[in-house]
Ligand SMILES: [Zn+2]
């Protein structure tokens, strides 16, 4: 078990698009294990590799509630191949933007193509919270944070808060 450090703004890595994984090998499977450990420890429902400082297009998620069986899902090189016109608004948070929550409107349903942990191509249809979560994580692979979907004033206010808090924690 390896819980890794989660990066926060102003780390420039969070703004950089991630690289595609060329081959799903043991190093990728180990990365995914660390990502699940880090996500469950946080706790959170989704994590992108870039958030632990690895700019590769890998995301993990598990939206199961505490009383439900875990539903861990790892997606390598995820890509949205279809999105519904219908949208849904959901309050989002992010392990890289701690203590900030705000509503983001996104397509209500998406279809995602990705590689599984055996390197096999898969497609999966996401709805509800899963659709929001997978879009949030895919955004990370493109260097986009959920606060980037909000207005400029809100985004800047939130960023300032996060950066100030990170500095205080370093000094403490
Ligand atoms: Zn996030």
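In our numbering, the protein residues as written are 308 to 479.
The beta-carbon is built from N, C-alpha and C at its ideal position, and this holds for glycine as well.
All of these numbers come straight from a predicted model, not from anything done at the bench.
- Judged by the Cβ position, residue 403 qualifies as a neighbour of ligand 1 at the 7 Å threshold, a heavy atom of the ligand being closer than this.
- One thing to note: residue 313 has its Cβ within 8 Å of the Cβ of residue 402.
- Uninterrupted beta strand (DSSP E) stretches at least 3 residues long and entirely within the region 393–436 occur at 394–401, 404–414, 416–422, 428–434, given in chain order.
- Out of 425, 452, 442, the CA that lies nearest to the CA of residue 432 is found in 442.
- Shortest gap from the CB of residue 456 to any heavy atom of ligand 1: 7 Å or more.
- Pairwise C-beta distances place the region 364–372 out of contact with the region 407–414, as fewer than three of them are shorter than 8 Å.
- Excluding five sequence positions before and after residue 468, none of the CB atoms of its chain fall closer than 6 Å to its own CB.
- By the neighbour-count criterion, in which 16 or more other beta carbons inside 10 Å mark a residue as buried, residue 448 falls on the buried side.
- No heavy atom of ligand 1 is found nearer than 7 Å to the CB of residue 343.
- When DSSP assignments are scanned along the region 320–403, the uninterrupted stretches of alpha helix (DSSP H) that are 4 or more residues long and fall wholly within it turn out to be 333–348.
- Only residues of its own chain outside the window of five on either side were considered, and among them 352, 353, 368, 370 have a CB closer than 7 Å to the CB of residue 440, listed in chain order.
- Put simply, of 350, 316, 348, 366 the residue whose alpha carbon is nearest the alpha carbon of residue 326 is 366.
- Taking 8 Å as the upper bound for CB-CB distance, residue 466 and residue 316 are in contact here, some 6 Å apart.
- Judged by beta-carbon spacing, residue 311 lies beyond the 8 Å limit of residue 424, meaning their Cβ atoms are not closer than that value.
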